[in-house]
Each structure stands twice: as C-alpha cells, then as structure tokens.
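Novice:
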Amino acid sequence: MNSFININNITGNSNSIVISGKQNEVNYGSKKTNNGEWKEARKCVEEDENLNEKQREILKKILSKAEESPSAEGQQATRNDFQTFVDCAGKTAEKIVKAFSKIKSVAEYFGISQ
103 MNSFININNI
113 TGNSNSIVIS
123 GKQNEVNYGS
133 KKTNNGEWKE
143 ARKCVEEDEN
153 LNEKQREILK
163 KILSKAEESP
173 SAEGQQATRN
183 DFQTFVDCAG
193 KTAEKIVKAF
203 SKIKSVAEYF
213 GISQ
C-alpha cells in the first residue's frame, strides 16, 4: 500500500507516531498485516502434519522476514522465497497454502487466493 504523507520530523513511541513536513512516498509494506495474522500463519505452520521439521523452520524464517521487511525489495525477496518453497515442496505445501489463503492479508502479501 503506497500513501503520500508529509514527513519531516518523526516522533513516536511503541503506540503512536506523529509525522509532519515535506511530502514523500511511504510504503507501509507488511505492516498492513497485523501481528495476530502473522501469529495465525505461524500456528498453521506448527499444526501442519505434512511438513517436516526443516520445512517448518524454513517457513518460520519466511514469515519472520515477511513481517519485518519494510522495503519493496525485501518484500519481493520474501515472496520469491515463499514461491521457491512452494515449488520445491510440491504436494506437501498444498495444505499450508490453503491455510494461508484463509488469512486475508497474509494471502494478499504472498499473492495466494482461495
């Protein structure tokens, strides 16, 4: 999601940010997906009995990168990592892709639809 807002000074704490000043483009990236949805995606990874331990570890790293990646390049790299995982895991990945597709903003982030 791209928005135009004025940025000159940024003041904030963990709950708020005050922004004012010159107009710039800001990409909110994965912040559009809230923490509860990332936790739900991690829970899906933990509960999927088709995944082995290495696959769970890979998916957890991908989810962490997706959650923390503010730049467009970082987001695209994470999407590519997820697609590579799905391509390599084949049928094993079907259940996790279906589970992620039910979490709206996670599905949007990874480009998955139900």
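When you line the sequence shown up against the numbering used here, it's residues 103 to 216, in that order.
Where a beta carbon is used, it is the ideal one built from N, C-alpha and C, also for glycine.
Since the model is a prediction, treat every value here as computed from it, not as a measurement.
1) Report yes if the C-beta distance between D150 and K197 is below 8 Å; otherwise report no.
2) Kindly list the residues whose CB is nearer than 6 Å to the CB of G176, restricted to its own chain and excluding five residues on each side of it in sequence; keep chain order.
3) With I198 as the anchor, note down where its alpha helix (DSSP H) starts and where it stops.
4) For I164, which residues in the same chain have their Cβ closer than 8 Å to its Cβ, ignoring the five residues on either side in sequence?
5) Throw me the rounded Cβ distance for the A168 and Y211 pair, which I believe falls under 8 Å.
Specialist: In brief:
1) Yes, these two residues count as a Cβ contact at 8 Å.
2) Hits under 6 Å: none found.
3) Per DSSP, I198 belongs to the alpha helix (DSSP H) from 196-203.
4) Spatial neighbours of I164 in its own chain (CB-CB distance under 8 Å, excluding positions within 5 residues in sequence) are listed in chain order as T180, D183, F184, F187.
5) 6 Å between Cβ atoms; contact.
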